[in-house]
Structures are given as structure tokens and as C-alpha cells.
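From first to last, the protein sequence lines stand for chains A and B. Under my numbering, the first sequence is numbered contiguously, ending at residue 696. Under my numbering, the second sequence is numbered contiguously, ending at residue 645.
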Amino acid sequence: MKAWDAIIIGGGHNGLVNACYLQRAGLDVLVVEKNDWVGGAATSRELTPGFLYSNCSYVCSLFRPEIMRDLELPRFGLQVISYEGGAVFTRDGNYLANYRDHDAHRREFARFSKRDAEAYDRYSRDVTRQCRFIQPLLMRTAPDPTSFRPRDIGELLYLGKKFAGLSAEEMALTLRFWTMSISEFLDEYFETDVIKANFALSGIIGTALGPMSPGTAYVLLHHYMGEVDGSVGAWGYARGGMGAVTKALAASFKASGGAIRTGAEVDHVLVSKGKAKGVVLAGGEEVYGKLVVSNADVKRTFLKLVEEKELPDIFLRRVKNFKIRGSSGKVNIALDSLPEFPALPKDSPVYRGDMHFTDSMERMERAYDDWKAGRWSADPFLDMVIPTTLDPTMASPGKHFMSCFVQYAPPKVSGHDWTDADRDGFAESVVAQISEYSPGFRDRIVHMEVRTPREIEAEVGLTEGNIFQGELTFDQLLFNRPVPGYAQYRSPVGGLYMCGSSTHPGGGVMGAPGRNAAAEILRDLAKSTSHMSPAHDVI
Amino acid sequence: MAQATHKKPSAAKTNSIALARTAAQSHFRTLRLGTPFQPRLDALARTQDWYNWAGYRAPHSLWDEELEYFAIRSQAGLFDISPMTKYRIEGPDAEAFLDRVTLRDVTKLKPGRVHYTAWCDDEGFVLDDGTLFRLSSTHLRLCSQERHLPWLLDSAIGFEVTIEEETEAVAGLALQGPTSFAVLRDAGFAGVDKLKVFDLAEFPHDGGTVTISRTGFTGDLGYELFVPAEKALSLWDRLMTAGELRGIRAIGYTALNRARLEAGLIVANADFTTAEHAIRADRLRMPDEIGLGFMIDLAKGHFNGRRAIVEARAKRKLRYVLVGLEIEGNIPAEHAIVYHKKHQEVGLVSAAIWSPMAKRNIAIASLARPYGDTMVEDLWVEIYAMRELQYQKLMKRAKVVARPFIKLDRRTANPPADF
């Protein structure tokens, strides 16, 4: 029976990136995907006639341009449309917008505080400095500080040199930045609550932490490191929904000779004498491979797909304790017309950007309080976009698709599993919030897909529905992600690798974990990586 | 929510608040604002050559940048400086506060006087340079390129002073050139002849007052006028009418930029990077590194950045120097690399022109010490002159020279000459 050179478990964006690079290196690669479609959490599906849904991830910025180029994604149909800013609606009928134009942005902030308007440059300078430090690390394997291999020592030196290149003041700021809360960080620059709430959202998205929890400042950084076609920090919509990213990846993979089997759920990894030999599918079929790469998160991979006896105790314990906590959900809505927000001028570009309704740090923290108590937030934090305002391919003219990322949603409701009634209550909290700012909103709804952590885990396979396959707090980054000693995409099982967002540099539709894992695999196979572009210079 | 306890505002009041809010929101439709002089500029803008000056639509040129330059040097050029950031600083501690924030000794700045100054962060890196106008003992105006409200407010803790950003409320004009005095006199500003360089005084205008100072950015005889925005157009008309026979011309930034370079003056974020905008740590500059060391007054008390400046001077940690260069030939060396002995890179030209007044090829450059400081021999610039899609590479000798590159007696003559 045929043994593939590599079997990738899971056709999410990182699995496909990994598969593409391995296939292009001359390996014979098979991707097995449990769903009848590829994409993982980056999919577009027609869930009701005439409407294409980006039902998990919904905006694009972090995807590494080096990968887009290497894998020829534009040729395979990927186009990202950047959008202009967004807004936080305030409860008194006003809003605070973000505009791309520097001076418009300042004038908008000056409507609330002249001081804060002029503080933005310093804030932006400091965040940019931190990004410039981190960004080159995204596309490199994190060094193992316990190893004495020349390569690890070299990488550690690189890290150390980068750090030593900072001024004393910057070093202090960097250490504080990695550990402090987004709320405290913003307090150093701004005094206006709504302005702080506006920036804080990037610090809590996808994270089971509140804006006042230590470590959230770094999460903000993670969201600032993106770009759209060279426009640094910009966010955009993938034309055709986020599935366009994985569709292009799958097309690129197939064009280079790769094979994909959908509807093929892996039951477990075949391990013999401490080495991965292939996978066993849910129906019992055995598929053999010289190596196996898991795109599933580290918990799913090692607690469900590999037998415990194959794993060292400490590794197992650390995997169990790795934080992949359910904290968010999605409400995706098909609309028969564009909702109106009376607070906004009709020609406002905000309609085409991201919209939010949490106008104070306290409301944001209170929303988190509900999560701690095991409830979904009564007054949730929403990141809402209407991509059809810029992308005509997702719905017919005049109709719209709206994506609402909703935080917080606990993995269990008051200790019990989510029920359908809970799910409906969760959806109602979202629709009620939007309706407060958009009269007649309910009447425009054609169809709605509600996804609590239960639905996301069941469909995509993300443990507890955590969008990052593990929180992006500093204790779970770099050489500690996902487990110390196993941060270089390898695992205790020979020939079994990890390539998902549980690994460095973490989540978001970035592709870097998949790419970095491919580089490590090719290194083990003594194969060339000349088809992999190095990270763009940060000059 | 318990709303019953709140008294409901009247419908009329709610409506007027809503209208004001809507008006304030609408700025997103006009990304480049017009200044209070925009109707007059628009009428004269034959080139339609605009640039973005701090969010305002400002002219590079209006009809001919060459002739606009000569208006400054032989007639009078009228330049709209309204987009310049302006702060109103007022209170019994205004002097003490500014003495603490800026480099120069503000106690020596008497009411009715202006000085050119700069201010630093705590590490001694320059945040900006600008002009400080002492309108009265307790009321000053700080004008600058960048915005500094958080810095000023934070520095004001403990001082009895109020700080207000007044960029939009105050319109400004620079009237520069040999006939500028005559234009003002003919416009009826009686007593303007008494103003010496860096003096300021208030004059009646259109039922209010205009502040006129004998200052400018050209190294020529010239004045700057500040007026409430609503009196801007009448001031413009008054000057243009009076100046008709004295050759007054509205000008754009390209002409002004040539004049300022001849005067050896630097521009923030063109000749140096301001501390709040410098992403790269090695781009930060201390006053001594950009030719502003003369402002530092160590005899006065503490000021922001003092400790770091003293330490850098004592430990010879100053790494750069900003110099004037005279370059052989007549091809401007804009953004050329400066070499020592034709091969060792030692700096960069930040601004360069062939000067019509000095008849010399001049430049401002930042060099890594000791070059430009103690080592001034054997310096060269490599000029890449693009001519019909080919670079003509020139290696030209550069000589460190004193700034300003031109010195005009008429700038300081008292009383000012009647040209």
C-alpha cells in the first residue's frame, strides 16, 4: 500500500501552507480534512441561498506576504481589499471613527479630546517600535534556550542582539509591554474612555482575558503586525470571503501535484515504536505516511489523536495545562438590505469598516466578568463588519452579509454544556445590542448562523472554539509555545510535527506556523528550502 | 436605565447639540482643510499645485515658483502660515513653565519680543523647534511644526498656567522681502517702523487687532502677522491693496523653502527627525547635534532634557553635527551622501539648492562626528543627477561653511529701508 511522504491532518490555512511548501519541495503530500470542504476557520460557505458566509475568521491582514508570493496566491485567485477604519458607537448617539488619513484621524479624536488627538503620534511611534522588534521573529523558528546546538545558540544570539539593540528605555518598555494589561498601557497615552476602548479591542480579541488582565498589551501588538499589500497595519476583506485564502492555497497545492481528501476525519495517528506511520480515519481506513503533520491544535493533537502512552508525562501535563480557553463566538447574519445606523452620516466610510458598541473600558471588563462567572456577556463586545459593502461577490446587489465576532462566550455555561436554548440566548444578546443602534435591524434579517464555542469546536475542531489555538500571552509565546522544549514544530513522537496556530508565532490567518514547520521538516529531511522566501527585511 | 431622575433638556437645546455634533463629524468629507485665506489662495492658484501641510491644503506654488522666489528677494512675498501649530500659553506661571520646557532663558524674553527656541524630551532629544512670542508678561504663543499638547500639558503639572491649542482660531501670514516694510506702512500700520528684529506689537485692524512681529523664515527684511481667523480675509485684502505698487505677490512653499535654505534655517522632519516621530532610536538628535546648541542656557535652572544634555557634552556622547556645505559646481546635491576622501560615508545632505543670492551651490547636511566637527577637510558629496533617464554621477568637493549662507543688511537695518 502507498505510503505518502507526508500526511497533513487538517486543511486549515496553516495545514495548507505547510502542504504547499512540502509538495513544492518534491514531497508527495496528502491533506486529510474531516469536513467536506477545506479551510478550517478560514472558509466561505453558502449557508443560505445567495449569501456567502465568512463564518469563522472574517478579516485579513496578518497573512504573510512572503507566503502569498511563494505560493503564488494572487495567481490562484486571492485578492484582499483593504477597508477604511471603523468606529465605536457611543451610548449617547455619537461615535468615534478611525480614519486612515492621519489628519482626519486626529480631527476625529479631537472631537472627544484635543489632548488625546495629539497623543496618537507618540502612541503610534511606541507601538510601531515594538512591532519592528517582534515582526522579524514571526518567520523564524524560535530558539530552544535549553539546547546547545549551534543553530539554537545562533538564534538566541540573534534575539539577544536585537534586544541589546534597543535603548535602555525601549528595553524597559518592551518588557513592560509584553507583560502589562492593555488598559494600563493605554492609560499612559490617553485619558478619554472611548478612545481607550477603541484601541483596547485589539488587546482582547480571541483571548480569555479582560482589558485589565496582564498580558493583553501583547495581544494588541499581534494585531498590529499585519498589512494589506504593503500598507502596514491595514486590514481588509478577502474577495469572496475568508475562504478565498484557503481556496487559493488549495488550488496552489493541487497545481503543484498535491492531493486533498475531504470528508476524511482522522481518528488517531498510527504510532509504532515511537514513530508516526500514518493516520487511521474514522471509518477505520489506514493511510500510511513517512511523516505526519498536525494542523489541529496541540490539545486536540496530543489528547485526542495520539495515545497517552506514547507521550512523556511532563509533556502531557503541559499540553493539558496549555491555555486554549473558549472566549468568543460568532453570529453571522444575512440581511436583505443594508442596516442603518442613525448616528453615522449616510456617506460615512465606517459602514465599510469594523464597528463596535463597547464605548468604555469598564463595559469591556464587565463583559469579561460575565465570562468568569460562566455566562456569556449580557452586554457583549462585538467586532462587526459588513464585507459586502466592498465585496460584491458575497451577496446579490443590495443584500448584505454581516459578520459579528462576539466576546465573551464561555466554554461551558454555568458549568454545563451549551444547549440550543443557551445558543439562542447568546444570539439574542447580539441582535439586541445591534438593534439599540440600528432601528429596524431585526426586520432585515434573512438568516442567521450562531456559533458558540460548542459549534466552533464541533465544526472546525478548535478546542473550546479558541480562535488562536491557544492564548497569546507571553508565557505561551516564542520558545514556550506550545510546550517548552517542543517549540520547534517537532513532538515527542518521531515523525509527528505540529503546524497549527498552537505553535510559534501563534494565531490569526498568518500562515507563519505552517511555513516555519515546513522549513523544520525539510531541514530534517535534508531537503532544500530555496523555494521559501526569507522574511522581508524590516529596515 | 434610571432616566427619570435626569431632567430632560429642551427639544431646541437637544437639536442644537445634535447639529453641532453633526457639523463636527463632517470633517471626513474634506481631508485637506482650507485655511482662513483659502478663498484668496484659490483665486490665485493658477498651478493648482497643492501639498498637505499638517492637514491643510497648502500651495507648493501659485503661479511660478521661480518668480515667487524672486518676489521674496526683490519685492514682497505673502505666504500663508496658518497651518503652523499654535499654542496659547497663559497664566502667572507661563514664563516659569516655558523656561522649564524650552532650552532658552525665557526670563530674558521681554513682553513684545520673540525668540527662536527648541524643546527636548527627558533624554535631551529634540521634540521640535519653533518660535515663542511674548505677547504680555503672562501670555505667550508657541508656534511649531509638530503637535505637542500632551507634552505641554504633562509638563505643566505644578504650574499655574493654561495651555490651549489655537491653530484653527488664529490665522497667520508671513510678509517677506525688501518692500515688506513699505507695504505695511502704506497699509496704515502706524508705528510699524519702530519694530526691530524680533520685536512684536499689536496694531488695530478691522475692529480688532493684528499682532505684527519683525520675524520670518527667509533671512530677509520681513514680518509675520497673526489675526483672529474671522479677520483673515480683510487683512489679506488690506495688504494686497497697499502692496500693489510694491510688487506684493502671494507665494507657495517651494519659493519659501529656497529662501530659508539661503538663510541657513532648518525644518523639523526635513533636516532632522523629531523625537516623537523617530521610530529608529539612532535617528534621535540632541540640540548640539542639529546646530541648536547655542540655545542651551545652562545658567538658568532645570529644563527638560538638561541632565542628559550636560552628560552628553561632558562624556562626548554627541554623535552628529549639522553643518552648512558649499559644494563645487552648480548641481544641487539634494539627499546626496557625504564622503570623506571620496569613499568613507560620513553623512547625508538634507536640503540643497543652487543659491541665486549667494551664487553658490549650498546645502545643509548631517555628518557623523568628528567629520564636520573637527575633521572638515577632504569632504565630498556624490550627486546622482537624473538627466533624461540616466544618472550623471558626480563626485564634488564640499566645504563646511558658516550659516547663514547669505547675510542681508536690510534684514536688520533700523529704521527699515523704504524700497
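All C-beta atoms, glycine included, are put in the ideal place defined by N, C-alpha and C. All figures in this text were calculated on a predicted structure; none of them were measured in a lab.
Got a sec? Which residues, its chain only, sit under 7 Å from residue i by beta carbon, not counting five neighbours each side?
i	result
Pro496/A	Ser595, Phe598 and Arg601
Ala228/B	In this predicted model, Ala228/B has a pLDDT of only 39, less than 50, meaning its place in the structure is not dependable; the value taken from the coordinates is given anyway. Cβ within range, chain order: n/a, list empty.
Phe645/B	Pro404, Thr405 and Ala408
Lys568/B	Trp606 and Met621
Phe385/B	Asp319, Ala322 and Phe323
Asp540/A	Leu358, Ile362, Asp511, His513 and Phe562
Thr231/B	Summary for Thr231/B: the model assigns pLDDT 46, below 50, so the residue's position carries little reliability; its value from the coordinates is reported in the next sentence. Excluding positions up to five away in sequence, the list is empty.
Closest to residue i by C-alpha separation, out of the options, would be which residue?
i	options	result
Ala494/B	Ala344/B, Gln570/B, Ala481/B and Ser460/B	Ala344/B
Ala501/B	Arg672/A, His379/A, Trp194/A and Tyr280/A	Tyr280/A
Asp632/A	Ser429/A, Tyr252/A, His688/A and Ile481/A	Ile481/A
Glu450/B	Thr441/B, Lys457/B and Ala458/B	Thr441/B
Ile315/B	Gly555/B, Met512/B and Val332/B	Val332/B
Leu257/B	Ala284/B, Glu292/B and Thr240/B	Ala284/B
Ser592/B	Gly417/B, Ala481/B, Arg545/B and Ser581/B	Arg545/B
Pro371/A	Thr336/A, Gly168/A and Ile238/A	Thr336/A
Ser560/A	Ala391/A, Arg181/A, Gly398/A and Val245/A	Gly398/A
Ile238/A	Lys191/A, Trp533/A, Leu547/A and Val436/A	Leu547/A
Asn587/B	Phe296/B, Thr600/B and Val627/B	Val627/B
Check the Cβ of residue i against every Cβ in chain A and list those closer than 9 Å, keeping chain order.
i	result
Ala507/B	Arg286, Gly322, Leu323, Ser324, Glu326 and Glu327
Gly281/B	Asp258, His259, Asp260, Ala261, Arg263 and Arg264
Pro513/B	In chain order: nothing, as chain A lies at least about 18 Å away.
Glu349/B	Ser324 and Glu326
Between which two residues does the beta strand (DSSP E) containing residue i stretch?
i	result
Lys556/A	Counting along the chain, Lys556/A falls outside any beta strand (DSSP E), and DSSP gives it neither H nor E.
Asn489/A	Ser485 to Leu492
Lys312/B	Thr311 to Glu316
Val588/A	Val588/A -> not in any beta strand (DSSP E); alpha helix (DSSP H) instead, spanning Asp577 to Tyr594.
Thr480/B	From DSSP, Thr480/B is part of no beta strand (DSSP E) but of the alpha helix (DSSP H) over Tyr479 to Glu488.
Met140/A	An answer regarding residue 140/A cannot be provided, because it is not within the stretch 158 to 696 covered by chain A.
Ala400/B	Val396 to Gln402
Leu366/B	His365 to Ser370
Glu450/B	Gly448 to Pro454
Gly356/B	Val352 to Arg360
So residue i is in the alpha helix (DSSP H); what residue range does that whole segment cover?
i	result
Ser300/B	Glu291 to Ser300
Trp335/A	Ala325 to Thr336
Pro430/B	Segment Leu426 to His431 is the beta strand (DSSP E) holding Pro430/B; no alpha helix (DSSP H) there.
Val188/A	Looking at the DSSP string, Val188/A is not in any alpha helix (DSSP H); the run it does join, the beta strand (DSSP E), is Val186 to Val189.
Ala320/B	Ala320 to Val327
Pro285/B	It is not in any alpha helix (DSSP H) - Pro285/B instead sits in the beta strand (DSSP E) that spans Tyr282 to Ser287.
Ile310/A	Pro307 to Ala321
Tyr178/A	His170 to Arg181
Lys404/A	Gly400 to Ala412
Tyr381/A	Thr373 to Tyr381
Determine the chain B residues that contact residue i at a beta-carbon separation under 9 Å, and present them in chain order.
i	result
Asn251/A	Arg247 and Gln251
Ser505/A	Gln251 and Phe254
Lys271/A	Leu375, Glu390 and Glu391
Ala198/A	Within chain B, no residue comes near Ala198/A; the closest Cβ sits about 33 Å away, beyond 9 Å.
Pro502/A	Thr248, Gln251, Ser252, Phe254 and Arg255
Arg268/A	Arg247, Ala250, Gln251 and His253
Residues in the same chain with beta-carbon distance under 6 Å from residue i, minus the five sequence neighbours each way, listed in chain order, please.
i	result
Leu448/A	Ala163 and Gly652
Thr311/B	Ser370, Arg373 and Thr393
Val695/A	Arg289, Gln292 and Pro293
Mind pulling the chain A residues with CB within less than 8 Å of residue i?
i	result
His286/B	Neighbours of His286/B on chain A: none; closest Cβ ~18 Å, over 8 Å.
His503/B	Asp278 and Arg282
Leu379/B	Arg272
Residues in its own chain within less than 8 Å of residue i by CB, not counting five upstream and five downstream?
i	result
His650/B	The requested residue 650/B is not part of the displayed model; chain B covers only 227 to 645.
Glu571/B	Ile563, Val564 and Tyr565
Arg226/A	Ser690
For residue i, go through chain B and note every residue whose CB falls closer than 8 Å to its CB, in chain order.
i	result
Ala244/A	By Cβ distance, chain B contributes nothing, its closest Cβ being about 10 Å from Ala244/A, past 8 Å.
Glu275/A	Arg373, His374, Leu375, Pro376 and Glu391
Going along chain A, which residues have a C-beta under 7 Å from residue i?
i	result
Leu257/B	Asp258, Asp260 and Ala261
Is the CB of residue i under 9 Å away from at least one CB in chain D?
i	result
Tyr508/A	The displayed structure is made up of protein chains A and B, and chain D is not among them.
Ranges of the beta strand (DSSP E) found wholly within the segment 414 to 466 of chain A, counting only runs of at least 3: 416 to 418, 423 to 429, 432 to 438, 443 to 446 and 449 to 451
Beta strand (DSSP E) runs wholly inside the segment 476 to 545 of chain A, at least 3 long, in chain order: 485 to 492, 511 to 513 and 538 to 542
Length-filtered (3 minimum) beta strand (DSSP E) runs lying within the segment 201 to 285 of chain A: 202 to 205, 208 to 210, 237 to 239, 243 to 246 and 252 to 255
Whole beta strand (DSSP E) elements within the segment 522 to 592 of chain B, 3-residue minimum: 546 to 553, 563 to 566 and 570 to 581
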